[in-house]
Amino acid sequence: MTGKGIKGIKGTKANRATKGRRGQLPGPPSGYALLPWLLLGLGSFSNLVQGETPNPWFGAIGLLVFNSLYINVVFRAFHPVSRHSRGTWWALAGLAATTFGLGGTYGGSWLLFFPLFGLACGTVLRGRNLVLVGAPLTATVAVIAALHDGWGAITIAYGTVISMSVTAAILALSETVVQLRATRQELARSAVEEERLRFSRDLHDLLGHTLSVIVVKSEAARRLAPRDMDAALAQVTDIESVGRQALTEIREAVTGYRDGSLSTELDRARSALTAAGIEPLVRQSGPPLGPRTEALLGWVVREAVTNAVRHSGATRCEITVDGAPEQVRLVITDDGRGVRSGPAEDVGGGTSGGTGLRGLTERLAVAGGSLEAGSAGSAGSAGRGFRVTAVLPVDPATDVPTTATASPKSPTSPTSPTSPTESERPA
1 MTGKGIKGIK GTKANRATKG RRGQLPGPPS GYALLPWLLL GLGSFSNLVQ
51 GETPNPWFGA IGLLVFNSLY INVVFRAFHP VSRHSRGTWW ALAGLAATTF
101 GLGGTYGGSW LLFFPLFGLA CGTVLRGRNL VLVGAPLTAT VAVIAALHDG
151 WGAITIAYGT VISMSVTAAI LALSETVVQL RATRQELARS AVEEERLRFS
201 RDLHDLLGHT LSVIVVKSEA ARRLAPRDMD AALAQVTDIE SVGRQALTEI
251 REAVTGYRDG SLSTELDRAR SALTAAGIEP LVRQSGPPLG PRTEALLGWV
301 VREAVTNAVR HSGATRCEIT VDGAPEQVRL VITDDGRGVR SGPAEDVGGG
351 TSGGTGLRGL TERLAVAGGS LEAGSAGSAG SAGRGFRVTA VLPVDPATDV
401 PTTATASPKS PTSPTSPTSP TESERPA
């Protein structure tokens, strides 16, 4: 199909959607809906034709001016910019002078121009301005109508105030509904953008780490194959396991239900670092963590270790998890080359300007935490080494502080709540 054909289909769909929205909007769609009310002036026009109106030229000119100004005001009222312009206010003032001139001079059927003038006021005025104009207008109309029509003034005054207030209420409601629909569409767009951002972050963190591990283990298998086939096959088995796990995590990330485990990420980090020739050292202490905190810290471990494997050139990497009743602190330090110049996504050791760490900083900030990344001053000479520090508050709804102990199975697994000892053992 040609580009013109595709554009034609899109244009047709857009037109249909626009027509559908216009058909659903409450209230009159334009000033045309208010033109039939001019039929109230047929009685005055009949008096002019039959010669029952004194000084007919004044009445004819007044009727023409009234109709022209009325049409001008009601059409301007349906455009937000034109409604508040000086031209609209001058037209409304001229309409008021014409209405009072005709109604005050002739009376009778000419008094029906007062409700028409009230309707025109209702299309333009809102809120306080409607009250400030409506109250004195109704009182003045009642006095003028009483001088010409006695008790019939009640009907004229009532018609004036009702036409003004009802018109203003209907149009205000229509404008509010339009604004609410626009707000709902904007919220829907924001939700879609937020979900896209979440998905892109998850894919970056998942695939970046997984592919780095696969590359490192593939290199290790290639080095080991000539001299130790069993060790090389073990690395290939790990690659298969990592690939299968990555497929599962990507499916979970797509559905939005991935709930990371810190202990699992620590085990993977130890395996990835060891395969890359980096000595891992994991320390974990403090109370058990809730699911949300573990998931966020797991993302930090994954991203920092991926950066260390890919960029740092380090020989040693320390991961410390220090929990407390109020907050938990995660520090990942390597002795590599530290921060180097280059593109943000390829900065050695990872930097706060990189895509992954930038996204993690935003995630932790939403949860009330913080993430800092920079040179590790204590790791050798100045400028060497890199440190990532994440701090998160303990969520009282999910993270219940208890006493922690070292797990006898693995130095990287979460501590169990039996004794206050600390797990500290190099892998």
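Heads up, the sequence shown is in our numbering, so the first residue is 1 and it goes up one at a time. Even for Gly, the Cβ is constructed at its ideal location relative to N, Cα and C. It should be emphasised that the depicted structure is a prediction, and the values quoted were computed from it without experimental measurement.
Output yes or no for whether 8 angstroms exceeds the beta carbon distance between residue i and residue j.
| i | j | result |
| --- | --- | --- |
| A295 | I332 | no |
| A157 | A168 | no |
| L273 | L297 | no |
| T293 | V328 | yes |
| R86 | A77 | no |
| G103 | L111 | yes |
| V394 | S370 | no |
| S44 | L63 | yes |
| F75 | G31 | yes |
| Y70 | L38 | yes |
| A365 | G336 | no |
| T460 | A232 | Examination of residue 460 is not possible in this model, given that the chain is present from 1 through 427 alone. |
| L357 | V301 | no |
Which residues mark the beginning and the end of the alpha helix (DSSP H) in which residue i is found?
| i | result |
| --- | --- |
| R283 | Taken as a continuous stretch (DSSP letters only), R283 belongs to no alpha helix (DSSP H), being part of the beta strand (DSSP E) at E279 to S285. |
| A93 | R86 to Y106 |
| T264 | L262 to A275 |
| T306 | P291 to N307 |
| G449 | Here the chain comprises residues numbered 1 to 427, so residue 449 is not present and cannot be evaluated. |
| D149 | G127 to D149 |
| T123 | F113 to V124 |
| G43 | L42 to V49 |
| P80 | P80 to R83 |
My guess is that residue i and residue j are in contact by the Cβ rule of under 8 angstroms, so how many angstroms apart are they, rounded?
| i | j | result |
| --- | --- | --- |
| A93 | V73 | Not quite, the Cβ-Cβ distance comes to about 10 angstroms (not below 8 angstroms), so this is no contact. |
| S165 | G122 | 7 angstroms |
| A96 | F117 | 6 angstroms |
| G385 | D334 | 6 angstroms |
| V65 | T88 | V65 to T88, Cβ: 16 angstroms. No contact. |
| D230 | K217 | The pair is not a contact, with the Cβ atoms about 15 angstroms apart (cut-off 8 angstroms). |
| T160 | F114 | 5 angstroms |
| G134 | A145 | Not confirmed; about 16 angstroms, so no contact. |
Taking C-alpha atoms, which residue in the options lies nearest to residue i?
| i | options | result |
| --- | --- | --- |
| T264 | A225, G277, V282 and A276 | V282 |
| E219 | Q235, D230, M229 and H204 | Q235 |
| S200 | L95, L360, V161 and Q245 | L360 |
| P287 | V242, D322, M229 and T123 | D322 |
| W299 | T389, R222, G313 and A191 | T389 |
| I162 | E326, S174, L119 and L187 | L119 |
| R387 | A365, A33 and I319 | I319 |
| G374 | G338, G152 and G51 | G338 |
| R316 | E279, L289 and P291 | E279 |
| E240 | A221, P226, D228 and A225 | A221 |
| L34 | I170, A188, R126 and G134 | I170 |
| N430 | G41, N55 and P56 | The first residue shown for the chain is 1 and the last is 427, placing residue 430 beyond what the model contains. |
| R270 | V213, L147 and A188 | V213 |
| P54 | V192, A246 and T105 | T105 |
| L173 | D267, A365 and R126 | R126 |
| A324 | A60, G290 and L132 | G290 |
| S312 | L330, A376, D267 and E326 | A376 |
| L207 | G51, A145 and I250 | I250 |
| R198 | I61, R363 and L132 | R363 |
The beta strand (DSSP E) with residue i in it runs from where to where?
| i | result |
| --- | --- |
| A390 | F386 to P393 |
| R329 | Q327 to D334 |
| G374 | S370 to S375 |
| R316 | R316 to G323 |
Nearest chain C C-beta to residue i closer than 8 angstroms, yes or no?
| i | result |
| --- | --- |
| T248 | The chain labelled as chain C is not found in the depicted structure, where only one protein chain is given. |
### Task
Could you tell me whether the region 177-195 touches the region 125-139, where touching means 3 or more Cβ pairs closer than 8 angstroms?
no
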